[in-house]
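Protein chains in written order, with my numbering: chain A, 187 to 570; chain B, 187 to 570; chain C, 187 to 570; chain D, 187 to 570.
Backbone N, C-alpha and C define an ideal beta-carbon position, used for all residues, glycine too.
Note that the coordinates shown come from a computational prediction; the quantities given were computed from them, not determined experimentally.
To start, the structure itself, in structure tokens.
There are 4 protein chains.
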Amino acid sequence: MRILKMGQVGGGIGAFIGEIHRKAARMDGTIEVVAGAFDIVPARSLEMGKILGLNPKRVYTTYEEMIKGELALPKDERIDFVSVCTPNHTHYPIAKACMEAGFHVMCEKPMTLTLEEAIDLQQTVKKTKKVFGLMHGYTAFPMVKLARDMVWQGDLGKIRKVVVQYPQGWLFEKTKRENMQASWRVDPKTSGIAGCMGDIGTHAANIAEYVSGLKITEVLADLTKFVPGRLLDDDGNVLLHFEKGAKGVLHASQISPGEENNIAFWIYGEKRGLEWHEENPNYLHVYSQTAPEEVWKRGNAYVAAKSAAAGRATRTPGGHPEAFIEAFANNYMNFGDTIRAKLERRKPTELELDFPGIEAGVRGMKFIQAVVSSSAEGNVWKKI
Amino acid sequence: MRILKMGQVGGGIGAFIGEIHRKAARMDGTIEVVAGAFDIVPARSLEMGKILGLNPKRVYTTYEEMIKGELALPKDERIDFVSVCTPNHTHYPIAKACMEAGFHVMCEKPMTLTLEEAIDLQQTVKKTKKVFGLMHGYTAFPMVKLARDMVWQGDLGKIRKVVVQYPQGWLFEKTKRENMQASWRVDPKTSGIAGCMGDIGTHAANIAEYVSGLKITEVLADLTKFVPGRLLDDDGNVLLHFEKGAKGVLHASQISPGEENNIAFWIYGEKRGLEWHEENPNYLHVYSQTAPEEVWKRGNAYVAAKSAAAGRATRTPGGHPEAFIEAFANNYMNFGDTIRAKLERRKPTELELDFPGIEAGVRGMKFIQAVVSSSAEGNVWKKI
Amino acid sequence: MRILKMGQVGGGIGAFIGEIHRKAARMDGTIEVVAGAFDIVPARSLEMGKILGLNPKRVYTTYEEMIKGELALPKDERIDFVSVCTPNHTHYPIAKACMEAGFHVMCEKPMTLTLEEAIDLQQTVKKTKKVFGLMHGYTAFPMVKLARDMVWQGDLGKIRKVVVQYPQGWLFEKTKRENMQASWRVDPKTSGIAGCMGDIGTHAANIAEYVSGLKITEVLADLTKFVPGRLLDDDGNVLLHFEKGAKGVLHASQISPGEENNIAFWIYGEKRGLEWHEENPNYLHVYSQTAPEEVWKRGNAYVAAKSAAAGRATRTPGGHPEAFIEAFANNYMNFGDTIRAKLERRKPTELELDFPGIEAGVRGMKFIQAVVSSSAEGNVWKKI
Amino acid sequence: MRILKMGQVGGGIGAFIGEIHRKAARMDGTIEVVAGAFDIVPARSLEMGKILGLNPKRVYTTYEEMIKGELALPKDERIDFVSVCTPNHTHYPIAKACMEAGFHVMCEKPMTLTLEEAIDLQQTVKKTKKVFGLMHGYTAFPMVKLARDMVWQGDLGKIRKVVVQYPQGWLFEKTKRENMQASWRVDPKTSGIAGCMGDIGTHAANIAEYVSGLKITEVLADLTKFVPGRLLDDDGNVLLHFEKGAKGVLHASQISPGEENNIAFWIYGEKRGLEWHEENPNYLHVYSQTAPEEVWKRGNAYVAAKSAAAGRATRTPGGHPEAFIEAFANNYMNFGDTIRAKLERRKPTELELDFPGIEAGVRGMKFIQAVVSSSAEGNVWKKI
């Protein structure tokens, strides 16, 4: 298997998500970090490159420099793809420029600041034919893939109801030393028009659509800025209408003290129900009205037999839990295999294509725009 | 302590909730069932009376007969109160007639079929000065009382968000042999204008207000009849606005396969959060952003020290779980002690008065009317 | 159904277990408390009788008086059975005298102080042909009966391993105000030769035999007195050998801080495993190596279809939890129905006979003697 | 930070634990796999090297060749350490040879087949002054480190009781196609004198000593071969005596159907208790008799404030779970930093030295020998 060469933008010293991307990318030994523009302060970018053991010539300060520098290298030396791990407002220009320069892109979410940018980026993907991945990590957990496949296979019957939540507590108060992350996450200039809904509400909407196999057709949202002085929503409750008559509710919050990262879904069809929690992700609960609850456990043969995607996304046997970083690694795995398929001039398989991409990103922006305008206009239904 | 004499209307052979009322009423040995109109079929009512070891002269066929028969007895022999356990549409006339005849009333919920009836019954209570209890059992669990007292005492800070759910699955399909209960629960003539929202949504709204100490000021509801041919809602998602700026979401369902009786709440203030589940009711989870989760466990000294109401509602030491019937018994205990206070011509204490009554019933009917009209009028806010 | 008349010995004001017996006995309306010798202080016994609304003539000070007084009444007025809820060392003489006087007996555990007494009491039962119940409440939970029936029906295959635990924490230190219960529970004169093993180890051994359907054949015990000055074991770890080659381990403790009443078992056969916890008793976990875990939930049709005993021991539908008092009530139910069978001169059914009795009591005493001597003699195997 | 060069022995195509070692080693970007003797079949070893993108010259067939080949390279190119991931019986000669050749060693457990080998290897470590790590992954979970630090800091008071379990089910029957792993794990020639006790019992003993800070002084074991035809124990129950009067019980099993990898401990002191489960490893439960249970959650500031070791072993914020591979990575992190300290000629810190090494390996072999002889000699106490 060809080891892909990754360049990273962002992910400097102390950055949380950039380091997670690196850990995930290198987990399986199929991707190698060889270049990066880790920080706009040159010395800091170099320091990061040193920590990573990179050739200093391939440590850059800006993505523009990285593009230029890598293009100057012989084809088989230069990076295959760029991992974009910068603050939200820069995802779009970087991703666009990289694809236009001929590199595939794995982008941290949210994909863009506005729906216009998202649609433009979709054009870029179409035009450049590059592989574009968007890091919605939660749909990459094996048991979420199993859930989706159970729905696909009809185990639940027609879906009627979806409940999805994403409570966090870390923005429950405005601290004096509000950390760097928090500052750009609560600032409209860098975060876009939504706070909580952009940061985590999109994850909830994405997982609801992924598992149910149904698109959200319209939303009715009630967003709130609870913490005095906050510029963007830090909490929201949303009514959902899906295709084919399914209904649901989505609630997300960043002001719920003590909640860590409690994304979870419950989905009910005519025959069965499912429940999954990210904070204990190795288990999928399957409910029936006429039989005992079943707890499907990651890593067992019966899981792989039911869902090839879940089996493929599994690294350890049952009872040896896998978690957050492994989920990111699953996205890198499928994203990477899709790139390899391109390189090998073959069509990627369904399993390889099972990672979130440009469509998820566009839908995320549509979701954000819909919930923000729904709430602003007095809690009315807005089509997505 | 005076042992109170109870007469029951409803609760015939095979009835579920009537038998639960009896078990709860007699649990503490402070209430005695001495009379009843258990069934409108005389032989069946008599049979029930025989099972209960009652004097056949005090086994009646209708509540009118029971009122008449009991009033004919010497004052110290006749029943002190009536427990109303009949189908929904008869609660109102029975409760009203009993109070007007001089008897206190414990009524199964929902209290009435319409808001007009509820307001009229409120007048009856005011006029007759009788003690009126409404069996919302879920607020009678000790750990729910603890939760309320934590909120009262300011442990959570100002309340910001309330999530309350009540999923069930038992009406997930229309069976040919739809049982007796189901038939009147899904028929507007006997159930009122709401199905799921009337049967269980009111419990969810009631517990949200009880624990938060805040009234719901307006609702925006999306109710659905999922099962073909069903006449009333069997599922609903509701946005909530509370007093003092708190917001929330309530979702209830009777078509969620495998869900048993999963009423639960999460309530978040500026400082802390709480979580409680009826299906494992002896534990209250207390969350903070800066300290470990605390699991408060029923029956411990630290619970009674925090909440006198929880302490009073506790019969067994920690680890010897209490459950549903005991919760009902707690309402009978406080209802009974309030009657005793009347008999002793003293003012009942706050602890004795801690059971749901006419106000909860009126609010329940207002909630039902608001959610039904909100949904019918296109998902708009309706004041309660 | 004939309502049985119960007289109680013990259970005075402030007593914990005596009140639980009363709540359990009267829960179903099939047993009535009509007499009692609640306290050896006459005024206190009378006060308790008054609280219970008893005829003062039937409130006694000693069990001898109660026997005499009741025998003096016409046959159809006198008590049917005696509930013995006194401190441990008096169970034996009271139970014996009552049976010899012609009354059936429900006895709180442990049955006697010594094995000799237990064997003698067994003779008394045989001789008098009275119905004798011993209140091991934990085997009366519906899901424990379901577990037993699954084993009986061969679902687990041949049993190989049993793990049973019973940690508590309430004796973790010697307090100055050691409560009344604690004082007699830690004093050999009133508790017998074992402390923790007598008080709760016997429950663990009993439930292990009940569920596995296998007798413990020998034990190897390591008992400890951890708290300085304590006269009896407050902790113990025991290796178990069962019939048919099964093995196991039992550990019990009263010095494990924060443990409430955490009796639980895990039982594994050649094909499946089971897990149950008393502190969350409405669920039975069923394990297989080749299929998802199943969580069987009390109150569902599939439970009653699998286990008639579990179905019979169920009062509320799924999701409306039942708990400790209801388990006691199940023993009173089956004990009572066995008495009724006697009165009706018919053979009680298997389901009616499903309550712990004299055999469980004798085995409990043998277990205590075996573990105490095993530990005292240097941790050697002792046959039961 | 210097990126260390790792050579691996074992870990060929399809091997489970060797791949986990690689994933863990490379997770943080501070270790690079540059050489390996992955398989004794040359073509298969080469294929693995190709998958890993290695220079084919550094892909070997035997560890002897690897040692020779690497020593032939310039000092700054050759590997720093060897990761030994071969079947049990080869750990000892490989580890010994590597250290004698000047390489540090990270060794999969069990360290050796016999106690004699273990003691000899201890001499090798002493003599060669190499850094030796033994992959007991379970003590590397952050919440286990937190537990140990709570005990160290006296939060529990003097330790009285330790319960540790390790049930699995995967050897519950002898299958025709018993997999490669299973075959050598159940064969005395390759597994040593113990089966279940060697494979997983040692983990349980190791974690018990690590967290309690107390050595096991003697054991009394009851080991069983349940599956017909099996040559080594597949289940065992063990009484434990610790230093300073603490007592405990350890049970492990590989024939408990449906149990995945359920290592867990409960530890009780004079003041508090702790509970941790590997299958949901991000939570540590802290019990007190007089206060609510506390659930400490990985990734929070209060954890790092209590335990620097737990803080250091944390890669993601609270609610973004970490799991099995990350635990292995923690051992590689501390092992690597200790090597770096050597290279920098400074004394490693306590935090850097917090990984299992030769002492844990020797104790593991002593534990195995003691439990096997205890059981063989009729369940008698054996000193460790």
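Ignoring anything shorter than 4 residues, give me the alpha helix (DSSP H) runs that lie fully in the region 521 to 569 of chain B, in order along the chain. 544 to 562
C-alpha distance - residue 442 of chain A paired with residue 349 of chain D, whole-angstrom precision: Here residue 442 of chain A is taken as the residue at index 256 of the first sequence, counted from 1. Here residue 349 of chain D is taken as the residue at index 163 of the fourth sequence, counted from 1. Using only the alpha carbons, I get a separation of about 36 Å.
So, does the region 465 to 472 of chain D touch the region 470 to 481 of chain A, judging by three or more C-beta pairs under 8 Å? no
Simplified DSSP state of residue 442 of chain A, which is helix, strand or coil: For the purposes of this step, residue 442 of chain A is taken as the residue at position 256 of the first sequence. Note: residue 442 of chain A maps to coil in three-state DSSP.
When the cut-off is 7 Å and only beta carbons count, does residue 202 of chain A lie next to chain B? Locating residue 202 of chain A in the first sequence gives position 16, where the first residue counts as 1. Cβ-Cβ to chain B under 7 Å: no for residue 202 of chain A.
Please tell me whether residue 254 of chain D has its Cβ less than 7 Å away from any Cβ of chain A. The sequence position of residue 254 of chain D within the fourth sequence is 68, counting from 1. No, residue 254 of chain D lies away from the interface with chain A (no Cβ there is under 7 Å from its Cβ).
Give, in chain order, every residue of the region 448 to 466 of chain B whose Cβ lies closer than 8 Å to some Cβ of chain A. 452, 454, 455, 456, 457, 458 and 459
CA-CA distance, residue 525 of chain C and residue 271 of chain C? Along the third sequence, read from residue 1 onward, the residue named residue 525 of chain C stands at position 339. Along the third sequence, read from residue 1 onward, the residue named residue 271 of chain C stands at position 85. Using only the alpha carbons, I get a separation of about 19 Å.
Contact between the region 272 to 289 of chain C and the region 235 to 243 of chain C is defined here as three or more beta-carbon pairs at a separation below 8 Å; is this criterion met? no
Host alpha helix (DSSP H) of residue 397 of chain D (start-end): Taking the fourth sequence and counting its residues from 1, the one referred to as residue 397 of chain D is at position 211. Segment 388 to 398, the alpha helix (DSSP H) holding residue 397 of chain D.
Return the residue from the list C:317, C:399 and C:256 that minimises the CA-CA distance to residue 285 of chain C. Here residue 285 of chain C corresponds to residue number 99 of the third sequence, with the count starting at 1. Cα-wise, what sits closest to residue 285 of chain C is C:317.
What residues in the region 502 to 513 of chain D bring their beta carbon closer than 8 Å to a beta carbon of chain A? Per Cβ criterion, the list reads 502, 503, 504, 505, 506, 507, 508, 509, 510, 511 and 512.
Quick one: Cα of residue 389 of chain C to Cα of residue 417 of chain D, how far? By one-based count along the third sequence, residue 389 of chain C stands at place 203. By one-based count along the fourth sequence, residue 417 of chain D stands at place 231. Straight-line Cα distance between these residues: approximately 36 Å.
If you check the beta carbons only, do residue 353 of chain C and residue 448 of chain C fall under 7 Å apart? Mapped onto the third sequence, residue 353 of chain C falls at position 167. Mapped onto the third sequence, residue 448 of chain C falls at position 262. Taking 7 Å as the Cβ cut-off, residue 353 of chain C and residue 448 of chain C qualify as a contacting pair.
Comparing C-alpha positions only, which one of D:551, D:517 and D:453 sits nearest to residue 538 of chain D? Here residue 538 of chain D is taken as the residue at index 352 of the fourth sequence, counted from 1. Of D:551, D:517 and D:453, the residue nearest in Cα terms is D:517.
Using a Cβ-Cβ distance under 7 Å, would residue 329 of chain D count as near chain A? Position 143 of the fourth sequence, counted from the first residue, corresponds to residue 329 of chain D. Residue 329 of chain D does not count as touching chain A.
Determine the DSSP secondary structure at residue 377 of chain D, reduced to helix, strand or coil. Counting from 1 along the fourth sequence, the entry for residue 377 of chain D is found at position 191. If DSSP states are grouped into helix, strand and coil, residue 377 of chain D belongs with the helices.
Cut-off 7 Å between Cβ atoms - residues of its own chain near residue 165 of chain B, not counting five sequence neighbours on either side: Examination of residue 165 of chain B is not possible in this model, given that chain B is present from 187 through 570 alone.
Nearest-angstrom Cα distance between residue 402 of chain A and residue 383 of chain A? Translated into positions along the first sequence, residue 402 of chain A becomes position 216. Translated into positions along the first sequence, residue 383 of chain A becomes position 197. Approximately 15 Å between the Cα atoms of the pair.
On a Cα-Cα basis, can you pick out the residue from C:477, C:461 and C:523 that is closest to residue 483 of chain C? Translated into the one-based positions of the third sequence, residue 483 of chain C becomes position 297. Out of C:477, C:461 and C:523, C:461 has the C-alpha closest to the C-alpha of residue 483 of chain C.
Between which two residues does the beta strand (DSSP E) harbouring residue 349 of chain A extend? Numbered from 1 along the first sequence, position 163 holds the residue referred to as residue 349 of chain A. Residues 345 to 353.
Of the residues A:406, A:203 and A:251, the one placed nearest residue 221 of chain A, counting alpha carbons only: Numbered from 1 along the first sequence, position 35 holds the residue referred to as residue 221 of chain A. Among A:406, A:203 and A:251, the Cα nearest to that of residue 221 of chain A belongs to A:251.
Helix, strand or coil: how does DSSP classify residue 292 of chain A here? What you label residue 292 of chain A is simply residue 106 of the first sequence in a count that begins at 1. In this structure, residue 292 of chain A counts as strand in the three-state DSSP scheme.
Rounded straight-line distance, which links the Cα of residue 456 of chain C to that of residue 412 of chain D: For this step, residue 412 of chain D is matched to residue 226 along the fourth sequence. For this step, residue 456 of chain C is matched to residue 270 along the third sequence. Spanning the alpha carbons of residue 412 of chain D and residue 456 of chain C requires a straight line of approximately 9 Å.
On the DSSP letters alone, give me the boundaries of the alpha helix (DSSP H) that residue 202 of chain A sits inside. If you number the first sequence from 1, residue 202 of chain A lands on position 16. From DSSP, the alpha helix (DSSP H) with residue 202 of chain A extends over 202 to 212.
Assess contact between the region 563 to 570 of chain B and the region 483 to 493 of chain C, defined as three or more Cβ pairs (one per stretch) separated by less than 8 Å. Is contact present? no
Quick check on the burial criterion: 16 or more other C-beta atoms within 10 angstroms. Buried or exposed for residue 366 of chain C? Here the question's residue 366 of chain C lines up with position 180 in the third sequence. Summary for residue 366 of chain C: the model assigns pLDDT 49, below 50, so the residue's position carries little reliability, and this model does not support an answer.
List the residues that DSSP assigns as beta-bridge partners of residue 423 of chain D. Along the fourth sequence, read from residue 1 onward, the residue named residue 423 of chain D stands at position 237. Note: residue 423 of chain D sits in a beta bridge opposite D:408 and D:437.
How big is the Cα-Cα spacing for residue 420 of chain B and residue 557 of chain A? Looking up residue 420 of chain B in the second sequence gives position 234. Looking up residue 557 of chain A in the first sequence gives position 371. Computed Cα separation, rounded: 26 Å.
Look at the Cβ atom of residue 246 of chain C, then the Cβ atom of residue 255 of chain C, and state whether they are nearer than 7 Å. On the third sequence, position 60 is the one that residue 246 of chain C refers to. On the third sequence, position 69 is the one that residue 255 of chain C refers to. Yes, the pair counts as a contact, with Cβ atoms nearer than the cut-off.
Using beta-carbon positions only, say whether residue 404 of chain D and residue 427 of chain D come within less than 7 Å of one another. The residue given as residue 404 of chain D occupies position 218 in the fourth sequence. The residue given as residue 427 of chain D occupies position 241 in the fourth sequence. Yes, they are a contact pair.
Using only the alpha-carbon positions, how far apart do residue 209 of chain A and residue 297 of chain B sit? For the purposes of this step, residue 209 of chain A is identified with residue 23 of the first sequence, where counting begins at 1. For the purposes of this step, residue 297 of chain B is identified with residue 111 of the second sequence, where counting begins at 1. Approximately 59 Å, taken between the alpha carbons.
Using DSSP's beta-bridge definition, name the partner residues of residue 320 of chain B. One-based indexing of the second sequence puts residue 320 of chain B at position 134. In DSSP, residue 320 of chain B forms a bridge with B:293.
How far does the alpha helix (DSSP H) with residue 488 of chain B in it reach, from first residue to last? Translated into the one-based positions of the second sequence, residue 488 of chain B becomes position 302. First-last of the alpha helix (DSSP H) with residue 488 of chain B: 487 to 492.
Closer than 6 Å by C-beta to residue 541 of chain A: which residues in its own chain qualify, once you throw out the five before and the five after it? Chain order, please. Here the question's residue 541 of chain A lines up with position 355 in the first sequence. Cβ-Cβ distances below 6 Å link residue 541 of chain A to 319, 517, 520 and 521 in the same chain, with the five nearest sequence neighbours on each side left out; the list follows chain order.
Collapsed DSSP secondary structure at residue 518 of chain B in the structure displayed: In the second sequence, counting from the first residue as 1, residue 518 of chain B sits at position 332. Correct three-state label for residue 518 of chain B: helix.
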